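The structure under discussion appears below in the form of C-alpha cells.
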Amino acid sequence: GLLITIALGFSLLSNIFVKIESLMEQNLPFFYFYITITIIFISFSIIGIIITILVFKPRESKEETERNREGFFYFGHVSKYSSSDEYFSKIKQLDEEKLMEEYSRQIYQLSHIAKEKFKFLRLSIYFLIINIGLTVFFLILSSIVNIS
Numbered sequence: 001g002l003l004i005t006i007a008l009g010f011s012l013l014s015n016i017f018v019k020i021e022s023l024m025e026q027n028l029p030f031f032y033f034y035i036t037i038t039i040i041f042i043s044f045s046i047i048g049i050i051i052t053i054l055v056f057k058p059r060e061s062k063e064e065t066e067r068n069r070e071g072f073f074y075f076g077h078v079s080k081y082s083s084s085d086e087y088f089s090k091i092k093q094l095d096e097e098k099l100m101e102e103y104s105r106q107i108y109q110l111s112h113i114a115k116e117k118f119k120f121l122r123l124s125i126y127f128l129i130i131n132i133g134l135t136v137f138f139l140i141l142s143s144i145v146n147i148s
C-alpha cells in the first residue's frame, strides 16, 4: 500500500500543479475545485503513508507487569540472558504447567499486537482505495477540463 500510494501521488502531482497553474492563469471556474481536490488527495496520501508506517512499527506489551516479568519466549526477556546455554538451562527447568503458562502469555500478547497491526493495515487499505478513486477522478477531470 505504501509504495502504491507514493507512486500514485508523485505521478499525479507532477501533472496536477501544471494544470492548476494553467487554470489560475486562465481564471477558469474549475480552479478552486481543482485546488480542493488536490489538497484532499495530498492529505489522504500523507495520512495513508503514516498509517502504513504504523503497521511496521514494533510493538511491545502494554502491561507493565508483562514487560518486567522473567519470561522465556519474548525476545526482550530472552535477550536478558548472558548466553544461549544459560537460556537453555533455564528452559529445561520449566515444568509442563509453567511451559503452558508461558506459551499462553506469549500467544495472548502476540494476538493483541497482531490485532492492532491489522487495524492499521485495514485503515491503510481504505486510504489506498480512496487515493485510487481520487486518481481515477483526477484522470477523468483532466480529460474533461481541456487546458491549452
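Residue numbers (UniProt numbering): 1 to 148. Backbone N, C-alpha and C define an ideal beta-carbon position, used for all residues, glycine too. Quick caveat: nothing in here was measured; it's all calculated off a predicted structure.
Counting the other CB atoms within 10 Å of its CB gives serine 104 a total below 16, which places it among the exposed residues. Rounded to whole angstroms, the gap between the alpha carbons of lysine 117 and tyrosine 126 is 14 Å.
A Cβ-Cβ separation of about 7 Å places glutamate 102 in contact with glycine 71 under the 8 Å criterion. In the displayed model, lysine 57 falls within coil according to three-state DSSP, outside both helix and strand. Under the 8 Å Cβ criterion, the stretch 73-87 does not count as touching the stretch 33-41, having fewer than three qualifying pairs. Each residue's CA atom was taken as its position, placing asparagine 131 and glutamate 21 some 22 Å apart. For serine 83, the three-state secondary structure derived from DSSP is coil. Look at tyrosine 74 here: in three-state DSSP terms it is coil, with no helix or strand label.
Exposure of lysine 115 is indicated by the presence of fewer than 16 other C-beta atoms within 10 angstroms of its C-beta.
In this structure, lysine 19 and tyrosine 32 do not form a Cβ contact; the two beta carbons are roughly 13 Å apart against a cut-off of 8 Å. Residue nearest to phenylalanine 73 within the set Arg59, Gln106 and Glu97 is Gln106 (criterion: CA-CA distance). The three-state secondary structure of glutamine 93, taken from DSSP, is coil. Counting the other CB atoms within 10 Å of its CB gives isoleucine 144 a total below 16, which places it among the exposed residues.
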